[in-house]
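These protein sequence lines are chains U and F, in that order. To convert, count from 1 in the first sequence and add 2; that's the numbering used here. To convert, count from 1 in the second sequence and add 2; that's the numbering used here. Note that the Cβ used here is the ideal one computed from N, Cα and C, for glycine as well. Computed from a predicted model, the values in this text were never measured in an experiment. Here the structure comes first, spelled out in structure tokens, and everything after it is commentary.
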Amino acid sequence: MKPAPFDYFRPVSIGEACAFLAANPEARVLAGGQTLIPMLAMRLARPSALVDVTRMRELTGIDLAGDTLRIGAATTQAEALDSALVAREAPLLRLALSNVGHPPTRVRGTIGGSIAHADPSAEIALAATILGASIVYRDGDEEIRFEPVDFFIGPTITTAPPSGLLTHVAFPRRPKGRVGAGFREIAARRGDYAVASAGAQVVLHGDGTCASIALGVGGVGDVPVNVDLSELDGTPFAFDRVAGVVAAALADLECVGDLHATASYRRRAAIQLAMQAIGDAHAVAMEDAA
Amino acid sequence: MRVPLTVNGTTSEIDVEPRITLLDALRDLLGLKGTHTGCEHGVCGACTVLADGAAVRSCLMLAVQCDGIAITTIEGLAPGPGELDVVQDAFCETHGLQCGYCTPGMILAASGLLAKNDDPTDHEIRDALSGNICRCTGYGQIIEAVALAARRLRQNNLRPALDDAG
Numbered sequence: 003m004k005p006a007p008f009d010y011f012r013p014v015s016i017g018e019a020c021a022f023l024a025a026n027p028e029a030r031v032l033a034g035g036q037t038l039i040p041m042l043a044m045r046l047a048r049p050s051a052l053v054d055v056t057r058m059r060e061l062t063g064i065d066l067a068g069d070t071l072r073i074g075a076a077t078t079q080a081e082a083l084d085s086a087l088v089a090r091e092a093p094l095l096r097l098a099l100s101n102v103g104h105p106p107t108r109v110r111g112t113i114g115g116s117i118a119h120a121d122p123s124a125e126i127a128l129a130a131t132i133l134g135a136s137i138v139y140r141d142g143d144e145e146i147r148f149e150p151v152d153f154f155i156g157p158t159i160t161t162a163p164p165s166g167l168l169t170h171v172a173f174p175r176r177p178k179g180r181v182g183a184g185f186r187e188i189a190a191r192r193g194d195y196a197v198a199s200a201g202a203q204v205v206l207h208g209d210g211t212c213a214s215i216a217l218g219v220g221g222v223g224d225v226p227v228n229v230d231l232s233e234l235d236g237t238p239f240a241f242d243r244v245a246g247v248v249a250a251a252l253a254d255l256e257c258v259g260d261l262h263a264t265a266s267y268r269r270r271a272a273i274q275l276a277m278q279a280i281g282d283a284h285a286v287a288m289e290d291a292a
Numbered sequence: 003m004r005v006p007l008t009v010n011g012t013t014s015e016i017d018v019e020p021r022i023t024l025l026d027a028l029r030d031l032l033g034l035k036g037t038h039t040g041c042e043h044g045v046c047g048a049c050t051v052l053a054d055g056a057a058v059r060s061c062l063m064l065a066v067q068c069d070g071i072a073i074t075t076i077e078g079l080a081p082g083p084g085e086l087d088v089v090q091d092a093f094c095e096t097h098g099l100q101c102g103y104c105t106p107g108m109i110l111a112a113s114g115l116l117a118k119n120d121d122p123t124d125h126e127i128r129d130a131l132s133g134n135i136c137r138c139t140g141y142g143q144i145i146e147a148v149a150l151a152a153r154r155l156r157q158n159n160l161r162p163a164l165d166d167a168g
């Protein structure tokens, strides 16, 4: 369980990192290392060099930029979980983060590292998919923005440019109206890879009717799945009706079967978790005065 | 690569290949065998140390990443030779260990929690230790140990540094 040899490079700027990545096609970016270092240890990955971005100031920090919440790619999951800005502007992301690994892995693990790795059960990727965040890369001098549905195309496969560096993820700010979020997950042990997970953001009008319900499920297939519930927009929130729409939308959900769970178990679990997440989110939204 | 590594308050320059983890550097180069090697891929928590006061897995950090970071291992907790730290003492008192293999990692994960929160709920203790596997105790007495250590920390005035660490 020891990694094969590699070179180590710690750039100080995005430009320097991009130049190195362009010149060394077998190099990989090292962010928190909480997934990459196990892959190196098991020799599932054998990069020629690691480009360590954990201390790159340009890649860290959480701030508001226009109508988005901008999170630097090297911002740690622990920082994001403790951030008052994240709690206010993207409560779904905050809930998702509490399911990411364990406290000691969140201290090192980063927002961008999880997105770039694109594990199908990753909670941050699921939250980004549900909320429609923008995933922003720098490749040379070019800035490239991806929508999650175009970015995650398979298990740990993305459309990221090979020599690109993920610089930040821009989440939409808290929508107007009464907002609630819910996140549910089944895993072998708290913080382990999800067998199935679901996240929901419910936005209600002042009178309690649905403005929108954003729903996504993760861990069941090759990529996080966004579930279209727009037919519920503008209707009164009735749990039975929502359950019917969710069950119909997920009836043909493509799921994988493995040692941990069969495909049909994952589909049933996804539907249950989705309803629980929506229920949690609705309860919070009902309490939200704004 | 030559890297200055600061462990338990002492900085020493080590010469390592980039692929050497912090765990292996601590054990093999500095002789600090109290940090235990378990799974070597981030699942078991046996190798947990503190990095700038926060619990991290030393098998998932490269030694060359650690310059400028204050590392604390189990050897660095006790105030003096023959003495025990509050958390270590609580683990003994509640029988929070049997074979002891997971114990340094458990104690450092608990210390990371208590540095930020000296009045954790049962849920917060379980969450903080959720990444540490014990195959002997069944965890009950470990949770008790952390709760006892938290109570003692709240009641004593020996570690005012806790307030700064959070």
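According to DSSP, is residue i part of a helix, a strand, or is it coil?
i	result
Q203 of chain U	strand
S14 of chain F	strand
E145 of chain U	strand
T23 of chain F	strand
I144 of chain F	helix
A47 of chain U	coil
A167 of chain F	Per-residue confidence for A167 of chain F stands at a pLDDT of 48, beneath the threshold of 50, marking its modelled position as unreliable; the derived number appears in the next sentence. Note: A167 of chain F maps to helix in three-state DSSP.
Do the CB positions of residue i and residue j come within less than 9 Å of each other?
i	j	result
P226 of chain U	L94 of chain U	no
A92 of chain F	L150 of chain F	yes
C46 of chain F	G55 of chain F	no
L206 of chain U	M288 of chain U	yes
A216 of chain U	L231 of chain U	yes
D121 of chain F	A152 of chain F	yes
A198 of chain U	A263 of chain U	yes
G201 of chain U	A251 of chain U	no
A24 of chain U	G142 of chain U	yes
I39 of chain U	L31 of chain F	no
P6 of chain F	S14 of chain F	yes
P174 of chain U	L71 of chain U	yes
G114 of chain F	T139 of chain F	no
State the Cα-Cα distance for the pair residue i and residue j, rounded to the nearest angstrom.
i	j	result
P7 of chain U	T56 of chain U	20 Å
G74 of chain U	L110 of chain F	29 Å
D242 of chain U	A29 of chain U	51 Å
A124 of chain U	G221 of chain U	7 Å
I145 of chain F	G44 of chain F	21 Å
G134 of chain U	G166 of chain U	21 Å
A178 of chain F	N10 of chain F	No statement about residue 178 of chain F is possible, as the shown extent of chain F runs from 3 to 168 and does not include it.
H104 of chain U	M41 of chain U	18 Å
L32 of chain U	F239 of chain U	45 Å
H125 of chain F	G193 of chain U	14 Å
R12 of chain U	C101 of chain F	40 Å
P106 of chain U	T237 of chain U	43 Å
Give me, in chain order, the residues of the same chain whose beta-carbon lies closer than 6 Å to that of residue i; leave out the 5 immediate sequence neighbours on both sides.
i	result
A183 of chain U	P93, L94, L97, Q203, A283
Y10 of chain U	L52
R147 of chain U	S136, V138
A79 of chain U	As written in the sequence, residue 79 of chain U is Gln, which differs from the Ala given in the question. L99, V102, R108, G111, listed in sequence order.
R269 of chain U	L255, C257
Using a Cβ-Cβ cut-off of 8 Å (strictly less than) and excluding sequence neighbours within five positions of residue i, which residues of its own chain qualify?
i	result
V151 of chain U	T131, N228
N134 of chain F	C46, G47, A48, T50, C104, G107, M108, A111
Which residues in the same chain as residue i place their Cβ atom closer than 7 Å to its Cβ, once the five residues preceding and following it in sequence are excluded?
i	result
G168 of chain F	In this predicted model, G168 of chain F has a pLDDT of only 41, less than 50, meaning its place in the structure is not dependable enough to derive any value.
T37 of chain F	L25, L28, R29, C49, V51, S60, T75, I76, P106
T96 of chain F	Q143, E146, A147, L150
Can you determine whether any heavy atom of the ligand MG sits closer than 8 Å to the C-beta of residue i, and answer yes or no?
i	result
V55 of chain U	The model depicted lacks the ligand MG and carries no ligand whatsoever.
*Can we say the region 104-116 of chain U touches the region 211-218 of chain U, given the rule of at least three CB pairs closer than 8 Å?*
no
_Quick test of the definition: if touching needs 3 or more C-beta pairs under 8 Å, does the region 132-146 of chain U touch the region 162-178 of chain U?_
yes
*Three-pair Cβ contact test at 8 Å for the region 4-18 of chain F versus the region 70-80 of chain F*: yes
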